[in-house]
Structure formats: C-alpha cells, structure tokens
Amino acid sequence: MSRVLIVEDEGSIAEIEKDYLELSGFEVVIKSDGTSGYKAAMEEDYDIIILDVMLPGMDGYEICKSIRETKNTPIIMVSAKKEDIDKIRGLGVGADDYMTKPFSPSELVARVKAHLARYERLVSSVKEANDVIEIRGIKIDKTARRVFVNGEERMFTTKEFDLLTFLAENPNRVFTKDELFKEIWDMDSIGDIATVTVHIKKIREKVEFDTSKPQYIETIWGVGYRFKV
Ligand code: CA
899 MSRVLIVEDE
909 GSIAEIEKDY
919 LELSGFEVVI
929 KSDGTSGYKA
939 AMEEDYDIII
949 LDVMLPGMDG
959 YEICKSIRET
969 KNTPIIMVSA
979 KKEDIDKIRG
989 LGVGADDYMT
999 KPFSPSELVA
1009 RVKAHLARYE
1019 RLVSSVKEAN
1029 DVIEIRGIKI
1039 DKTARRVFVN
1049 GEERMFTTKE
1059 FDLLTFLAEN
1069 PNRVFTKDEL
1079 FKEIWDMDSI
1089 GDIATVTVHI
1099 KKIREKVEFD
1109 TSKPQYIETI
1119 WGVGYRFKV
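Be aware that the sequence shown starts at 899, since it is given in the working numbering, and climbs by one per residue.
Here's what the structure looks like:
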C-alpha cells in the first residue's frame, strides 16, 4: 500500500484530502506544522508528499528544498495563492507538481496516482540499468561496485569485491583456494593462495552476523569455499 504524507495546517482541508486518498486505497499521515512535517518526511519512507506552502514552523519551500538534498520522493506543493505557484517554479525548490487551492479532491487523487506511476517507472528503470545480485540480506550492485548488507552499505576493497561477486555469481559451487586465486588475481600479482584466506576472512567480517558461523561463505574443509544459497 502506498503511503502519503500530508503536511497541511488547515485541518478541514487535510481531512478531506485524507478521506479521498484513503478511499482510493492509500495510507495517509497528516502533519499540521512545518517542523513535524519535515521530520516525518526525513525519518520515514513515504511514497509521495503533499506539501502546503504556508505553514507554521518551516514553510513549504524550505521543507521541499531540504528534502531534495537527500530524497527524491515525489512532492506536490499546494497553495491558496496563485503567486506562490510562480515562486515554486522560479525558486526551483524541486517540487514535482503544484496545485492551487481550492482544488477538487479527485483531481488531487488523480495527480497522486500519476506521480506514483511515473516514479515507479523511474525507479524500475534505474534498477534495470544497474546489474544487481541480491541474495538474502546481501545486495551487490555490480555497476556501482557497492555492497549492502541488510540495507547498510559496507566498504570493500577491489579484490574483496571481486571475490565476493565471483562467489555470489556462482552460488553453491565449491571453489578451491587455487581456483579462486587464479580467478581473481592475475598471474603476476604478488601473493599466493593464503591471500584468498585473508580476503575471505575480511569479507566475512563485513557480511556475516557471526563470523564463527558463516551464513553466506561456507568453508568446505579440505576443499575450499562456496557461497551458500
Ligand atoms: Ca497553510
């Protein structure tokens, strides 16, 4: 279910918007001042934000600009003053759309749906563009060369990244240290198969919850390692 945040200090308007959106199957949260609206937008994940311009605390421009520094959640700004619309455009605060009050609630619902659909298309095209491997809590973005463990980014050296990616791309297959060394390190690189052991240890420290009981990279005694799926 998509979640909508309404930041609006006029209670009656906020309630009408909420009713219509809920009837269309959205989950709605209302914040009635700028400061708590901004806090909610930053700390929680909403799919779209309906933001009034004139608010006690932070105003809508300020909120929109600050959200845009870190998030690209769609934002529809609303104002009772036509001049505000020009200001929203002119200031480049990063809003996706704007509406002048009073507007029909069904028009609002239609715009919310349109923006959500557009945003979903955008997100899925980004996902397709990046070559991503996801195995349980681990997400390896091969294009950006980034690794996330339960949503948190972990830093990997080039070889650690290559080794983890190689194992994850060949799940459940056992590789000897020799095979892994040949695969990841080029012939002239200094080091030997002990390098593999050291790198496996480093990777485990970054991805495993308990390195003494590895859930991802398993040691097959006397043979080598495998990425368990
Ligand atoms: Ca207001």
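In this text, a Cβ means the ideal position worked out from N, Cα and C, and glycines have one as well. Everything numeric in this text was worked out from a predicted model, so none of it was measured.
Looking at residue i and ligand 1, is the gap between the Cβ and the nearest heavy atom below 7 Å?
i	result
D931	no
D950	yes
D982	no
E960	no
L1006	no
L1062	no
L921	no
L903	no
E894	Outside the modelled stretch of the chain, which goes from 899 to 1127, sits residue 894, for which no answer is possible.
L1020	no
With respect to 7 Å, is the separation between the Cβ of residue i and the closest non-hydrogen atom of ligand 2 below this value?
i	result
E942	Ligands present in the displayed structure are limited to ligand 1, and ligand 2 is not among them.
Which residues share a DSSP beta bridge with residue i?
i	result
L949	V905, M975
M940	Its beta-bridge partners do not exist; DSSP assigns none.
E1050	V1047
Y996	M975
I983	Note: I983 sits in no beta bridge, so no partner.
I1038	I1031, V1045
Give the C-beta separation of residue i and residue j to the nearest angstrom, bearing in mind that I take them to be a contact with Cβ-Cβ under 8 Å.
i	j	result
S964	Y936	6 Å
D982	H1013	D982 to H1013, Cβ: 19 Å. No contact.
R1019	G992	About 19 Å; that fails the 8 Å criterion.
L989	Y959	6 Å
K1057	H1097	6 Å
Applying the 10 Å Cβ sphere with the 16-neighbour rule, what's the burial state of residue i?
i	result
L921	exposed
G1122	buried
I974	buried
F1073	buried
A1066	buried
W1119	exposed
S977	buried
F1001	exposed
K1111	exposed
Ordered along the chain, which non-local residues of its own chain (more than five positions away) have a Cβ less than 8 Å from that of residue i?
i	result
K1040	N1028, D1029, V1030, I1031, T1063
R1052	V1045, F1046, K1104, V1105
Note down, in chain order, each residue of its chain lying with its Cβ closer than 7 Å to the Cβ of residue i, except the 5 sequence neighbours on either side.
i	result
A938	L903, V927, K929
D931	D907, L953, P954, G955
V1094	K1075, L1078, F1079
I986	M975, A993, Y996
Quick one: what's got a C-beta closer than 6 Å to residue i's C-beta in the same chain, skipping five residues either side?
i	result
I914	P1003
M940	none
Y1017	P972
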